[in-house]
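Peer 1: Take this structure first; my questions come after.
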């Protein structure tokens, strides 16, 4: 049973939420489904885009890939042949803007960095973007957050949404709880709890290495352990992590308070290794609820 | 162009043009975040090439390029290494580096 107790009356979580949301740079909303969909589709097709040469009479449009030369007194603008997609200003905003509306064969003078630049357009190519397909999504070989292979466009779109969602929830949760950890210090952590968490982690690492890599960590040589974790033995490694177990107990106590979950039985972090992960996920759910309320 | 290449094909692939080599792994969260930023850049600039280099599937990458963490990006121009960045980057930072390597 967890021996360390939360030494305060309670935590007014909403005050901290309000303080965070009142900040100018606070994240206040969940990701936009349509934006995530567009981002996903761009990523799926990025390896399948082709460039088609446009007919001579067609002018340069934003995003076209243009091959041109420029001559100028400035070294940067003195290039016999340059190919780039115009519009993002990677080369020069002034030159790229001046290219828009020109056709292949045009020669003109524009100004960049207060210096005249003579530009000759050789070739214009336009992007041809295919519709994303499940085959394209599958060939990217990515896995979703549950470590399952993503094999469809819809699956990839969902993965992007979930990825963006978690980025936001983790960020908001961090900034809301960071001052709580500061305002509610828990300095007196019971030694038995640190030992219990160490034992749980020792068991988890032992089983994981044996299962995934066929390595018995108790039988690893001093040299192998030095190379792996910079210590002499597996037990030394667990000892080295005692500060982390202190942090983990503090996090469990504070999350438990905020969520109103007693750290007993199944939710006792000295009994099960996964308790902090489960509490963190519940904190993200709470953060999501806050953002949904905020949207209304 | 975006290609997924093993280490033995790397030199031949990046020997011409501008390439961003993205050294990543399957289960690296920051790699996934950076991948989306790179995806947008490649989508908007199809003349820029992206080589996805999985250092778990091709462990020789890590030793050869001294990769100590993922994601790591190395920028190549006609086969020559020009710049290197580690960790998540914003689109603006990446575009600035691309601009410096290509036109600086």
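Chains as they are written, first to last, in the numbering used here: chain B, 1 to 296; chain F, 297 to 400.
Backbone N, C-alpha and C fix where the C-beta goes; we use that ideal spot for every residue, glycine too.
Source: prediction; values computed, not measured.
Please confirm whether residue 380 (chain F) has its beta-carbon closer than 8 Å to some beta-carbon of chain B.
Peer 2: Put simply, the CB of residue 380 (chain F) is far from chain B, with every gap to its CB atoms at 8 Å or more.
Peer 1: Taking residue 77 (chain B) and residue 112 (chain B) to be in contact with their CB atoms under 8 Å, please state how far apart those CB atoms are, rounded to whole angstroms.
Peer 2: 6 Å
Peer 1: By Cβ distance, which residues of its chain are closer than 8 Å to residue 387 (chain F), with the 5 residues on each side in sequence left out?
Peer 2: 333, 336 and 337
Peer 1: Let's test the definition: count the other Cβ atoms within 10 Å of the Cβ of residue 145 (chain B) and tell me whether it reaches 16, buried, or not, exposed.
Peer 2: Residue 145 (chain B) is classed as exposed because its beta carbon has fewer than 16 other beta carbons within 10 Å across all chains shown.
Peer 1: Please check if any C-beta of chain F sits within less than 8 Å of the C-beta of residue 39 (chain B).
Peer 2: yes
Peer 1: Taking Cβ-Cβ distances shorter than 8 Å, what residues in chain F pair up with residue 167 (chain B)?
Peer 2: Contact note: residue 167 (chain B) reaches chain F through 329, using a C-beta cutoff of 8 Å and chain order.
Peer 1: Count the other CB atoms, across all protein chains shown, that sit within 10 Å of the CB of residue 96 (chain B); report buried if there are 16 or more and exposed otherwise.
Peer 2: buried
Peer 1: Check the C-beta distance from residue 136 (chain B) over to residue 45 (chain B) and give it rounded, since I have them as a contact under 8 Å.
Peer 2: 7 Å
Peer 1: Where residue 311 (chain B) and residue 75 (chain B) are concerned, what is the direct C-alpha to C-alpha distance, given to the nearest angstrom?
Peer 2: An answer regarding residue 311 (chain B) cannot be provided, because it is not within the stretch 1 to 296 covered by chain B.
Peer 1: Does the ligand HEM have a heavy atom nearer than 7 Å to the CB of residue 374 (chain F)?
Peer 2: The model on display carries no ligand, and the ligand HEM is accordingly not part of it.
Peer 1: Taking 8 Å as the CB-CB cut-off, is residue 338 (chain F) touching chain B?
Peer 2: yes
Peer 1: Considering only the alpha carbon of each residue, which of B:163, B:139 and B:276 lies closest to residue 200 (chain B)?
Peer 2: B:276
Peer 1: What are the partner residues of residue 128 (chain B), as DSSP defines its beta bridges?
Peer 2: B:50
Peer 1: Check for me: the beta strand (DSSP E) holding residue 350 (chain F) runs from which residue to which?
Peer 2: Where residue 350 (chain F) is concerned, the enclosing beta strand (DSSP E) starts and stops at 345-350.
Peer 1: What separation, rounded to the nearest whole angstrom, lies between the Cα atoms of residue 116 (chain B) and residue 68 (chain B)?
Peer 2: When rounded, the distance between both Cα atoms is 16 Å.
Peer 1: For residue 193 (chain B), does the count of other Cβ atoms within 10 angstroms reach 16, so buried, or fall short, so exposed?
Peer 2: buried
Peer 1: Our contact map puts residue 347 (chain F) next to residue 303 (chain F) with C-beta atoms below 8 Å; I'd like the distance itself, whole angstroms only.
Peer 2: The distance from the Cβ of residue 347 (chain F) to that of residue 303 (chain F) is about 11 Å, inconsistent with a contact at the 8 Å cut-off.
Peer 1: Hey, is residue 78 (chain B)'s beta-carbon within less than 8 Å of any beta-carbon in chain F?
Peer 2: Not one chain F Cβ lies under 8 Å of residue 78 (chain B).
Peer 1: Using 10 angstroms around the beta-carbon of residue 350 (chain F), count the other beta-carbons present and answer buried if the total reaches 16, otherwise exposed.
Peer 2: When all chains shown are included, residue 350 (chain F) counts as buried.
Peer 1: For the beta strand (DSSP E) that residue 300 (chain F) lies in, which residues bound it at each end?
Peer 2: 298-300
Peer 1: Secondary structure at residue 84 (chain B), three-state DSSP: helix, strand or coil?
Peer 2: strand
Peer 1: Which word fits residue 29 (chain B), buried or exposed, when buried means at least 16 other C-beta atoms lie within 10 angstroms of its C-beta?
Peer 2: exposed
Peer 1: Is the stretch 59-73 of chain B close to the stretch 124-136 of chain B, with three or more CB pairs under 8 Å?
Peer 2: yes
Peer 1: Between which two residues does the beta strand (DSSP E) holding residue 319 (chain F) run?
Peer 2: 314-320
Peer 1: Fully enclosed by the stretch 350-394 of chain F, which beta strand (DSSP E) runs are 3 residues long or longer?
Peer 2: 368-373 and 376-382
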